[in-house]
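Structure first, then comments.
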Amino acid sequence: MQMAKKAWSLVTPETIANCWKKSGIITSVDNASDTPIPQSLDSQALAILRAFVTTSMTQPEADEALEKVYGVASVDKKWDLLLKTITELEPDSDITSILIEIDSNLIQETPQSTATSMAAPKDPRLQIVENELMDHVEELRRRNRIHGDPLTLDEIIDPIEESEVGEEEGRYGENAEEKIVQQVQYECAVRNGEIIEVDDEEEELDAPPDISLQDLLQTCQTLQEQCLTRNLDDPRLAEQGLELMEQIRRFRGAVQKFSMKSVQQTQLDSFFTRK
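So in our numbering, spot 24 of the sequence shown is number 12, and the numbers just go up one at a time.
Right under this line is the structure:
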């Protein structure tokens, strides 16, 4: 909060004019012209009132600043009512409505040369947020927290990096509608359980440890015996158990032959190695 107040105390009419120029509120027909836009007395006074609302500026300081704008002998009383409203604010009062009123008057009081034209007016609340954002950027720059040139308002709101995110997935190119429909159908199938996505890395991590051929044969024998359990009262399940037992028996026999062949090959290799 203190940082924000300090930043607002540094706001000048020129700062606000530059923000408007960058954000498009004030557009120049001749973009090559760098002639500064003169600030009216009222716009300078409104900038002072804005600082009075958002910073720790006291009323005597605000009065003195206004006198410097209009002259000691002829202080303009145009903003007395607004100044009185500001002085009556409580510390926890909502200042949004006051800022909207000040910024609305600032837009109206901004002088325009013959070479300039007003763009479509923005919502004052949006202008307040944009001004606050740029003020924070300026404060960070003053604190040496920003190296190099600070980002402009457009670069902050619409960074170039984000324009490239999702380019391959979000932009389907030719036959875009068909590809979108296919993607939606695929996601619906996954959600309904019709398609099961398998993560290769998780599958490798969760894979059971390898077992020896002897352990595999022992497991097959155990399964054969369990297929004959008497707890299967359902005739259909009992029949399926017999079929499974027969398949396991065949598989067990094939594994046993393979195991014996491997043992024989190992023995022959060992024999020739010894020779």
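The beta-carbon is built from N, C-alpha and C at its ideal position, and this holds for glycine as well.
Quick caveat, the model's predicted, so the values are computed rather than measured.
Taking 8 Å as the cut-off, the beta carbon of Cys215 is found closer than this to the beta carbon of Leu232.
For Cys176, the enclosing alpha helix (DSSP H) stretches over residues 164 to 179. When only Cα atoms are considered, Leu211 and Gln235 end up about 11 Å apart. In the structure shown, Gly136 falls within a coil segment according to DSSP collapsed to helix, strand and coil. Across the structure, Ser81 and Thr73 are spaced so that their CA atoms are roughly 11 Å apart.
Annotated three-state conformation of Ser92 is helix, per DSSP.
Rounded to the nearest whole angstrom, the C-alpha separation of Gly241 and Asp203 is 14 Å.
When DSSP states are grouped into helix, strand and coil, Asn219 belongs to the coil group.
With the rule of 3 Cβ pairs closer than 8 Å, the segment 121 to 135 does not count as touching the segment 44 to 60. Linking Glu89 to Asn163 through their CA atoms gives a straight-line distance of about 51 Å.
Across the structure, Ser247 and Glu182 are spaced so that their CA atoms are roughly 39 Å apart.
Spanning the alpha carbons of Thr43 and Leu37 requires a straight line of approximately 10 Å. Shown here, Met45 sits in coil according to DSSP, grouped into three states, outside any helix or strand.
Between the beta-carbon of Glu118 and that of Leu141 there is about 6 Å, and that keeps the pair under the 8 Å contact cut. By a beta-carbon distance limit of 8 Å, Asn93 contacts Leu34. Their separation comes to about 5 Å. Contact check for Gln171 against Leu205 fails: the beta carbons are separated by 8 Å or more. In this structure Asp123 is buried. Its beta-carbon is surrounded by 16 or more other beta-carbon atoms within 10 angstroms. Contact between Ile144 and Leu114 fails: their C-beta atoms lie close to 14 Å from each other, not under 8 Å.
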